[in-house]
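A short worksheet on the structure shown next.
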Amino acid sequence: MKKKILLLIISSTLMIHAQQKIHFEYDLAGNQISRQFCLNCFAKANIVAKNVDQLKENDFQKFHPNDNFSFYPNPVKEELFLKWEDTMDSKIQLIELFDLKGMLLETYIIQSNFNNANIAFNKFPNGVYIIRLKYQDENEKIIKIIKE
Numbered sequence: 001m002k003k004k005i006l007l008l009i010i011s012s013t014l015m016i017h018a019q020q021k022i023h024f025e026y027d028l029a030g031n032q033i034s035r036q037f038c039l040n041c042f043a044k045a046n047i048v049a050k051n052v053d054q055l056k057e058n059d060f061q062k063f064h065p066n067d068n069f070s071f072y073p074n075p076v077k078e079e080l081f082l083k084w085e086d087t088m089d090s091k092i093q094l095i096e097l098f099d100l101k102g103m104l105l106e107t108y109i110i111q112s113n114f115n116n117a118n119i120a121f122n123k124f125p126n127g128v129y130i131i132r133l134k135y136q137d138e139n140e141k142i143i144k145i146i147k148e
């Protein structure tokens, strides 16, 4: 009887641990888009953050040459880099990421001493996304980003 109880405890422990070895990703409609086997799910992934300062100035795209806001790359694969120069009358206070259906996916509150941001797109499916920049003076800017 003791062997059966011990076997039951060990097997239930293994079953609980086994539940965390397969990672599923879904698109916005709820369809499964990927399934990954994870050998060590408790450890964080070795993701190295890229620094915006390492990018060259001509890598960034602007709306027009006199604009103080730029972004790189478009189309994006993993991460979008945003860079801007605040002026006295226009400071970015909020960045919102929407899908084409208008559903809000992410919101980033910008502190006053920051002039760049990185948005991770690797968790989103391929498609077109909208980024809305809200300034402190109630102005807004909209950009369309393509995710490959």
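Counting from 1, one number per residue, gives the positions in the sequence shown under full-length UniProt numbering.
No residue lacks a Cβ here, since even glycine has one placed at the ideal position from N, Cα and C.
If you're wondering where the values come from, they're calculated on a predicted model, not measured in any experiment.
Problem set entry | Contact set for residue 77: own chain, Cβ-Cβ below 6 Å, skip 5 residues either direction | 148
Exercise. Whose C-alpha, out of 121, 105, 112 and 93, is nearest the C-alpha of residue 81?
Worked result: 121
Problem set entry | Backbone secondary structure at residue 110 - three-state DSSP | coil
Exercise. So residue 160 packs on residue 25, CB below 8 Å; how close in whole Å?
Worked result: Lying outside 1 to 148, the shown extent of the chain, residue 160 is not represented and no answer is given.
Problem set entry | Residues of its chain near residue 44, where Cβ-Cβ distance is below 6 Å and the 5 sequence neighbours each way are ignored | Only weak support exists for where residue 44 lies, its pLDDT of 43 falling under 50; the value from the coordinates is given anyway. Counting only Cβ-Cβ distances below 6 Å, and skipping sequence neighbours, we find nothing.
Problem set entry | Supposed contact pair residue 105 and residue 98 - C-beta distance, whole angstroms, cut 8 Å | 6 Å
Exercise. What residues match up with residue 83 in a beta bridge as DSSP calls it?
Worked result: 70 and 116
Exercise. Within 10 angstroms of its Cβ, does residue 5 collect 16 or more other Cβ (buried), or is it exposed?
Worked result: exposed
Exercise. Between which two residues does the beta strand (DSSP E) carrying residue 133 extend?
Worked result: 127 to 135
For this session: Taking 9 Å as the cut-off, decide whether the C-beta atoms of residue 93 and residue 119 are in contact.
Result: no
Problem set entry | Coarse secondary structure for residue 90, derived from DSSP in three states | coil
Problem set entry | C-beta contact flag for residue 142 and residue 71 at 9 Å | no
For this session: Using only alpha-carbon positions, find the residue among 90, 139 and 32 that is nearest to residue 124.
Result: 32
Problem set entry | residue 100 (DSSP reduced to helix, strand or coil) | coil
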